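Residue numbers (UniProt numbering): 1 to 252.
All C-beta atoms in this analysis are idealised placements derived from N, C-alpha and C, irrespective of residue type, glycine included.
If you're wondering where the values come from, they're calculated on a predicted model, not measured in any experiment.
Quick look at the structure:
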């Protein structure tokens, strides 16, 4: 695998002023000028074509969003709400106003031999010359169906085979967090895809607001699951007779 993680002794968290509230520059994605377009596999191109056709027929919202499933990684890093980063106890936690579940980055340990696929995957990291390097595997491949992995871009998301490496760098003035993400995913990306985005530091007294999702049963009742099962994984799972459907169970 091209993105090998080399573990190194960790610096103290205070050596890197990464803690705090950070506001994502959504315009970097929506404007698109600074964001490269990836080279996609044929499977990804076919999926996007089916989604566009479904959108022309009125498909505008995923089943996952109707039943309040997690946003998942990497989408949570590109959402329209701030993130908060906390460090301590041998880990770094990344939370977002838009997500109840935190991302946990375990420092200076390898990935476990057996991975339990999950919405945010298994993340391990280390400090390297003042930067935080995070390596993530073990994704369940379902978070992409919220349609927000990379706002404003025609991208398919990530599969359960994705391997993602992030480098977090706080600029010298301490006011800008630069994050470079590299995605390896043989299902959807023909070659590794790298993108750099920025977050602006928010004042220490910035409030963190609750974001509560309520299941939209009325919208779900109107969905033709059969019509969208090839573009919406939760619709496909609901129709699968071999699955006793539990939307939060990542093991099936």
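Would you mind sorting residue 69 into buried or exposed? The rule is 16 or more other CB atoms within 10 Å of its CB.
Taking the first residue of the chain shown as position 1, residue 69 is located at position 69. Counting Cβ neighbours within 10 Å, residue 69 comes out buried, since at least 16 surround it.
Looking at residue 82 and residue 22, is the spacing between their C-beta atoms short of 8 Å?
Here residue 22 refers to the residue found at position 22 when the chain shown is read from its first residue. Here residue 82 refers to the residue found at position 82 when the chain shown is read from its first residue. In this structure, residue 22 lies near residue 82, with their beta-carbon atoms less than 8 Å apart.
Roughly how many whole angstroms lie between the Cα atoms of residue 150 and residue 225?
If you number the chain shown from 1, residue 150 lands on position 150. If you number the chain shown from 1, residue 225 lands on position 225. Below a pLDDT of 50, predicted positions are generally treated as unreliable, and residue 150, at 47, falls in that range; no measurement from the model is reported.
Pair every Cβ in the segment 54-68 with every Cβ in the segment 170-178, then say whether three or more of these pairs are closer than 8 Å.
no
Report, in whole angstroms, the separation of the C-beta atoms of residue 165 and residue 182, which I expect to be a contact under 8 Å.
Looking up residue 165 in the chain shown gives position 165. Looking up residue 182 in the chain shown gives position 182. With a Cβ gap of about 5 Å, residue 165 and residue 182 count as contacting.
Tell me whether the segment 39-56 and the segment 186-195 touch, counting them as touching only if at least three CB pairs, one residue from each stretch, are closer than 8 Å.
With a cut-off of 8 Å, the segment 186-195 and the segment 39-56 count as touching, because enough Cβ pairs lie within range.
How many Å lie between residue 206 and residue 122 at the Cα?
The residue labelled residue 206 in the question sits at position 206 within the chain shown. The residue labelled residue 122 in the question sits at position 122 within the chain shown. C-alpha separation (whole angstroms): 29 Å.
Classify residue 174: buried if its beta carbon has 16 or more other beta carbons within 10 angstroms, exposed otherwise.
Within the chain shown, residue 174 is the residue found at index 174, counting from 1. By the 16-neighbour rule on beta-carbons within 10 angstroms, residue 174 is exposed.
Specify the secondary structure class of residue 239 as computed by DSSP and reduced to three states.
Counting from one through the chain shown, the residue named residue 239 turns up at place 239. Helix at residue 239.
In chain order, what residues of the same chain have a beta carbon less than 7 Å from the beta carbon of residue 236, not counting five sequence neighbours either side?
Residue numbering aside, residue 236 sits at position 236 when the chain shown is read from its first letter. Counting only Cβ-Cβ distances below 7 Å, and skipping sequence neighbours, we find 229.
Quick one, are the C-beta atoms of residue 35 and residue 28 less than 8 Å apart?
Taking the first residue of the chain shown as 1, we reach residue 35 at position 35. Taking the first residue of the chain shown as 1, we reach residue 28 at position 28. Yes. Within cutoff.
Would you please state the rounded distance, in angstroms, between the beta carbons of residue 96 and residue 76? I believe it to be under 8 Å.
Taking the first residue of the chain shown as 1, we reach residue 96 at position 96. Taking the first residue of the chain shown as 1, we reach residue 76 at position 76. Correct: roughly 5 Å between the Cβ atoms.
Return the chain-ordered list of same chain residues with a C-beta closer than 8 Å to the C-beta of residue 146, the five sequence neighbours on each side being excluded.
Your numbering for residue 146 matches position 146 in the chain shown. Only weak support exists for where residue 146 lies, its pLDDT of 45 falling under 50; the coordinates are left without a value.
Mind pulling the beta strand (DSSP E) runs of 3 or more residues that sit fully within the segment 151-232?
163-170, 176-184, 193-201
Report the three-state DSSP secondary structure of residue 75 (helix, strand or coil).
Along the chain shown, read from residue 1 onward, the residue named residue 75 stands at position 75. Three-state result, residue 75: helix.
CB residue 184 to CB residue 87, shorter than 8 Å?
Numbered from its first residue, the chain shown carries residue 184 at position 184. Numbered from its first residue, the chain shown carries residue 87 at position 87. No; because the gap between Cβ atoms is not below 8 Å, this pair is not in contact.
Could you tell me the boundaries of the beta strand (DSSP E) in which residue 107 lies?
For the purposes of this step, residue 107 is taken as residue 107 along the chain shown, with counting starting at 1. That run of the beta strand (DSSP E) goes 99-107.
When you compare only the Cα positions, how much space is there between residue 240 and residue 203?
Within the chain shown, the letter at position 240 stands for residue 240. Within the chain shown, the letter at position 203 stands for residue 203. Distance between the alpha carbons of residue 240 and residue 203 is about 48 Å.
Could you check if residue 217 is buried or exposed, using at least 16 other CB atoms within 10 Å of its CB as the buried criterion?
If you number the chain shown from 1, residue 217 lands on position 217. Exposed.
Quick one: is residue 214 buried, meaning 16 or more other Cβ sit within 10 Å of its Cβ, or exposed?
Taking the first residue of the chain shown as position 1, residue 214 is located at position 214. Exposed.
Output yes or no for whether 8 Å exceeds the beta carbon distance between residue 201 and residue 84.
In the chain shown, counting from the first residue as 1, residue 201 sits at position 201. In the chain shown, counting from the first residue as 1, residue 84 sits at position 84. Against a cut-off of 8 Å, the Cβ pair of residue 84 and residue 201 comes out as no contact.
Pop quiz: residue 138 and residue 117 are said to be a contact at Cβ under 8 Å. What is the actual Cβ separation, rounded to whole angstroms?
For the purposes of this step, residue 138 is taken as the residue at position 138 of the chain shown. For the purposes of this step, residue 117 is taken as the residue at position 117 of the chain shown. Yes, residue 138 and residue 117 are in contact; Cβ-Cβ is about 6 Å, under 8 Å.
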